[in-house]
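Asks:
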Amino acid sequence: MDFLNALALITNYILLPGFTYGSQLALGALGVTLIYAVLRFSNFAHGELMSFGAMVCILFTWLGQSYGINFGVLPTALIFLPIAIGFTALYCFFIEKFVFAYYRRKKSDPIIFLIASIGVMFFTAGLIRFIIGPSDQNFNDGVRFIFNVREFKAFTGLDEGFGLKTSQAITILTTIILCSILFVFLNKTRTGKSMRAFSDNEDLALLSGIDPNKVVLLTWVIAGGLATFAGVLYGLDKIYKPFIFLQMLLPIFSAAIVGGVGNPIGAVVGGYVIALSELFVTFAYRKVLAYLLPENMEPAGMMQFLSTDYKFAVSFIILVIVLIVRPTGIFRGKTI
Amino acid sequence: MNDVVRRSLVFSTFAVAIVFIGFLQSWNVALGIFNLCLISATMALGVNIQLGYAGIFNAGVMGFAALGGLSAVIISYKPVSETISLGGLGILICILILLLGSVLGVIVYKSNLTQAYKKILFPLIIIVVLLLLNLIGAPAVERIEAFEPAASGFLGGFGLPIILSWIVGGVIAGLVAYLIGKITLGLRSDYLAIATLGIAEVIIYILKNEDWLTRGVKNVNGLPRPVPYEIDLQESTWFIQLCQNYGFPLVETSSIVVKLSYCFLFSIVVLTLFILSEVALKSPWGRMMRAIRDNEISARAMGKNVKARHLEIFILGSAIIGLAGAMLTTLEGQFTPTTYQPLRFTFTVWVMVIIGGTGNNYGSLIGGFLVWFLWVEAEPLGLYLVELITSPLSETNPLRIQLITNAAHMRYMMMGLLLLLVLRFAPKGIFPEGR
């Protein structure tokens, strides 16, 4: 019984939030990794793309709500997600056309691409703050919990329990579906294969008649779509904050690099590794140990490795360790 | 166009802009902007050494600037004797433990033990150090932070003249840069950017959360000044006499004099750094750096120790950024960790260097001046533009109100556009790097 109580505690405070946050990071890291695989640069604007997608979704949600549209128990934002994806993909299309296409033609150094992406980041950040303002927006209007801690305790009769938030369930399910679609697309369809070929060996791909412009545009559209998903799901789960997305850049890049940059499976695994380790390291184990250890050995302190304030530091430390020990990441990145 | 003409043209255009602001808004505003322009130029010089001389992408400018700010607090703030007697000893022991732990770590690393032993010993050292820090440090920190948390709750500093912190800020930033550089400089350029971005965030998190050191988000106010206070000037007889003789308004003149004194101090720093950077760039050392940047492999083939040179330049540049950070905190008279935003500190400085011309010190100067000028003036300009565009709409139109309240954020858009346009159409910047 004590063991189950400890497990319920860990599920509530580490596993569920960890897998949710990990899914959001994974979606973000997938976008970063796809851009890296095809265009060969680290896109610093990706956080702002997530923010942009979420912003469009919020604006349409407000519009919809003012006409009385809602999605019942689910958040209204989900109805408008496709529209937001469309807008973000269009925005990415313009970025590619007006900014990156030129450097691609000139075959510029990756670092020039990186600087250009910082220009895009600046511009997008300004655009977002100009349109929606710098303050927080809460747009989750669905039912908050599928079942909460109290109901769980009453159902199982345990002393501890866990609640499942609607946003958590939506995030994890969506990520599983999206990743499956993406992997089928990359491995089975003709277009997906041409993307992989292009990423693997650009010259050879050109030789076999793959249109580079088409591949690059498609990559941007997919990355934009994934960024929108990540931004909206993050906003639904926590809150939409324009400032948070620049900070998210660090865990997202860490996830992509830890998994092996350019490798989609690596990005997903990296996202979960980063998110779960952030929570495992900053969780206070006192109550869990109280259940697991014999009665008289209950620990006095909080039994916390690191204060929760240093959550972001964890992803950074993991990043540095991976970069030193195994710079190619867990899954040996570089190509799709 | 020859270089000298081009330089004097661009710099005099900037001077005209400042004078223009002086007449249009006020001399106080103009000098305020110019002082920050000088600090921006210092940061830009630091980043230029890294980005321009050696092609190192340091995305952690914010962190080093914040370390400079921290050193201003530690050097100049009066020591809080109560908290020192409460927890000073504990903190001192913690610092010693940290040092001892690091020395032990280095000894283990350098020793000829087998990998297996090292793999056990390293985590062991880390765990023991963390445990000891928790046992000794936590109660001390708690006692310090519990002492009058609304007014104090931190250790204070050494109570020395704040100018000293400019040097100390540089040294601290340089030391941290040494540690970071040792770990990250072997990385590819974009990994280095990401890693330094992370380090800056971690530094800011530490400054925000370690209340015993910095008061965290409660900020440190009232740092002493290296120049006289306006109030003292207004009360001193010679100053009143002076104003009466020439018919200056007393209050305004006093604040202009204070700003001019800051301007004088900052100008000395900027000029010294500028001359030193120019000399370094033209010296064999500077040529070697550019050779390494342009072709690392052939430089290595010539027997140059690329990694050591990169570390050198990373430390130098970061120290200058730390110095600029200390100058900034001195000017503001307060240390507020929440104001350190990567967009404002890290990437804006990059924009300065790139627009001015990477690798050219004149470029960094003018880049720092112009970009900061635009950053400040973008707000009134953006507001004016938005009001012009939305003028057909009625006063109470929600869209108009929304746009006008958010107009200040146009500066980010402007920075982005500026960077993209310069990168596309004049990638070498205002002053291209000389041969």
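Taken in order, these protein sequences are the chains called A and B. Every letter in the first sequence is one number past the one before it in the numbering used here, and letter 188, counting from 1, is 1490. Every letter in the second sequence is one number past the one before it in the numbering used here, and letter 224, counting from 1, is 292. The beta carbon of each residue, even a glycine, is placed where N, CA and C say it ideally should be.
1) Using the beta-carbon of each residue, which ones in chain B are nearer than 7 Å to P1514/A?
2) With 9 Å as the limit, tell me which residues of the stretch 1416 to 1439 of chain A have their beta carbon closer than that to any beta carbon of chain B; keep them in chain order.
3) Check whether the Cβ of I1638/A lies closer than 8 Å to any Cβ atom in chain B.
4) Please check if any C-beta of chain A sits within less than 8 Å of the C-beta of E210/B.
5) Could you tell me which chain B residues have their CB closer than 9 Å to the CB of I1413/A, listed as they occur along the chain?
6) Please list, in chain order, the residues of the stretch 1611 to 1635 of chain A that have any C-beta partner in chain B closer than 9 Å.
7) Of all Cβ atoms in chain A, is any one closer than 8 Å to the Cβ of W353/B?
8) Tell me, please, whether the CB atom of L467/B is closer than 8 Å to any CB atom in chain A?
9) Have a look at S386/B and A1386/A and give me their C-alpha separation to the nearest angstrom.
10) If you measure from the beta carbon of F1555/A to each beta carbon in chain B, is any gap under 8 Å?
11) Using the Cβ count rule (16 or more neighbours within 10 Å means buried), how would you classify G478/B?
12) How about M1303/A: is its C-beta nearer than 8 Å to some C-beta of chain B?
13) What residue ranges within the stretch 1436 to 1483 of chain A form continuous beta strand (DSSP E) runs of no fewer than 3 residues, ordered along the chain?
14) Please classify S1496/A: is it buried, with 16 or more other beta-carbons within 10 angstroms of its beta-carbon, or exposed?
15) How far does the alpha helix (DSSP H) with N429/B in it extend, from its first residue to its last?
16) Which stretch, first to last residue, makes up the alpha helix (DSSP H) that contains H477/B?
17) Report the option in R468/B, P460/B and L396/B whose CA atom is closest to the CA atom of M111/B.
18) Residues in the stretch 268 to 287 of chain B with C-beta within 7 Å of chain A's C-beta atoms, listed in sequence order?
19) Would you say Y177/B lies against chain A (beta-carbon separation less than 8 Å)?
20) How should P460/B be labelled, buried or exposed, when 16 other C-beta atoms within 10 angstroms of its C-beta is the threshold for buried?
21) Can you grab the Cα-Cα spacing for the pair G502/B / F415/B, in whole Å?
22) Would you identify the three-state DSSP class for T1313/A, choosing helix, strand or coil?
23) With a threshold of 6 Å on Cβ separation, who are the neighbours of G128/B within its own chain once the five nearest residues in sequence on each side are excluded?
24) For the stretch 100 to 118 of chain B against the stretch 248 to 256 of chain B, are there 3 or more C-beta pairs whose distance is under 8 Å?
25) How about P448/B: is its C-beta nearer than 8 Å to some C-beta of chain C?
26) Here's a check: name, in chain order, each residue in its chain whose Cβ is nearer than 6 Å to the Cβ of L339/B, leaving out the five neighbours to either side.
27) Name the chain B residues whose beta carbon is nearer than 7 Å to that of L1332/A?
28) Pick helix, strand or coil for A1427/A, following the three-state DSSP scheme.
29) Could you compute how far the alpha carbon of Y121/B sits from the alpha carbon of A133/B?
30) Suppose you measure from the CA of N1440/A to the CA of G1465/A; what does that come to, to the nearest Å?
31) Could you spell out the range, first to last residue, of the alpha helix (DSSP H) harbouring P1553/A?
32) Is there a Cβ from chain A that is less than 8 Å from the Cβ of N474/B?
33) Is there a Cβ from chain B that is less than 8 Å from the Cβ of V1401/A?
34) Could you tell me the distance, in whole angstroms, from the CA atom of G509/B to the CA atom of S345/B?
35) Do F342/B and G433/B count as a contact pair if the criterion is CB distance below 8 Å?
36) Our contact map puts L1376/A next to G1444/A with C-beta atoms below 8 Å; I'd like the distance itself, whole angstroms only.
Replies: By the coordinates alone:
1) Chain B residues near P1514/A: none, gap ~20 Å exceeds 7 Å.
2) L1416, I1417, A1418, I1420, G1421, V1422, M1423, F1424, F1425, T1426, A1427, G1428, L1429, I1430, R1431, F1432, I1433, I1434, G1435 and P1436
3) Here the model assigns I1638/A a pLDDT of 43, short of 50, so the residue's position is not dependable and the matter cannot be decided.
4) no
5) G123, F125, S257, D258 and A261
6) So the close ones are D1611, Y1612, K1613, F1614, A1615, S1617, F1618, I1619, L1621, V1622, L1625, I1626 and P1629.
7) no
8) no
9) Cα to Cα, S386/B sits roughly 41 Å from A1386/A.
10) yes
11) The sequence shown places Met at residue 478/B, rather than the Gly named in the question. Classification for M478/B: buried.
12) no
13) 1447 to 1449
14) buried
15) N429 to T458
16) Neither: H477/B is in no alpha helix (DSSP H) and is coded neither H nor E.
17) L396/B
18) E269, V270, Y273 and N277
19) no
20) exposed
21) Here the alpha carbons of F415/B and G502/B stand approximately 24 Å from one another.
22) helix
23) T264, I267 and A268
24) no
25) This model lacks chain C altogether; the protein chains it does include are A and B.
26) none
27) Result: empty, since nearest Cβ-Cβ is about 17 Å, beyond 7 Å.
28) Reduced to three states, the DSSP call for A1427/A is helix.
29) 20 Å
30) 21 Å
31) Its alpha helix (DSSP H) spans residues I1546 to G1561.
32) yes
33) Cβ-Cβ to chain B under 8 Å: yes for V1401/A.
34) Because chain B spans 69 through 503 in this model, residue 509/B falls outside it and cannot be assessed.
35) With the sequence shown as reference, residue 433/B is identified as Leu, and Gly is not the correct amino acid for it. Yes, the Cβ-Cβ distance between L433/B and F342/B is below 8 Å.
36) 5 Å
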